[in-house]
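Residue numbers (our numbering): 688 to 772.
First comes the structure, then the notes that go with it.
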């Protein structure tokens, strides 16, 4: 397995930065990790065009974010806050 060229690495980094900025997760290490993994998988599948990679990565990231939010919501409902009154 060979490493991507500098241009391809820049393409992936640009897509990651664009999505992170638009979704407000630029300082969330976990979200950036998930986003990086998604972009890398899409790149490995052969998506090399910026617009196509951006679109597919946005869909993937939104699906991951939605699933995570649902998990958090269901956990919060199952375990209500036990704060003393």
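Glycine included, C-beta positions come from ideal geometry on N, C-alpha and C.
All values derive from a computational prediction rather than experimental measurement.
Give the single residue among 742, 746, 729, 749 whose Cα lies nearest to the Cα of residue 696.
On the chain shown, residue 696 is found 9 positions in, with the first residue counted as 1. When only C-alpha atoms are compared, the closest one is 729.
DSSP three-state label for residue 749, please.
The residue you call residue 749 lines up with position 62 of the chain shown. Correct three-state label for residue 749: helix.
Taking buried to mean at least 16 other C-beta atoms within 10 Å of its own C-beta, is residue 741 buried or exposed?
Against the chain shown, residue 741 aligns to sequence position 54. By the 10 Å Cβ count, residue 741 comes out buried.
CB residue 748 to CB residue 714, shorter than 8 Å?
Position 61 of the chain shown, counting from 1, holds the residue named residue 748. Position 27 of the chain shown, counting from 1, holds the residue named residue 714. The answer is no: Cβ separation not under 8 Å.
For residue 745, which residues of its own chain have a beta-carbon under 7 Å away from its beta-carbon, when the five flanking residues on both sides are left out?
Translated into positions along the chain shown, residue 745 becomes position 58. Closer than 7 Å at Cβ, skipping near neighbours: 706.
Distance, Cα to Cα, residue 732 vs residue 720?
Position 45 of the chain shown, counted from the first residue, corresponds to residue 732. Position 33 of the chain shown, counted from the first residue, corresponds to residue 720. Cα-Cα distance, rounded: 18 Å.
So, helix, strand or coil for residue 720, using DSSP?
Translated into the one-based positions of the chain shown, residue 720 becomes position 33. It is helical.
Kindly give me the distance between the Cβ atoms of residue 698 and residue 737, rounded to whole angstroms, as I take these residues to be in contact under 8 Å.
For this step, residue 698 is matched to residue 11 along the chain shown. For this step, residue 737 is matched to residue 50 along the chain shown. Right, the Cβ-Cβ distance comes to about 6 Å (below 8 Å), so this counts as a contact.
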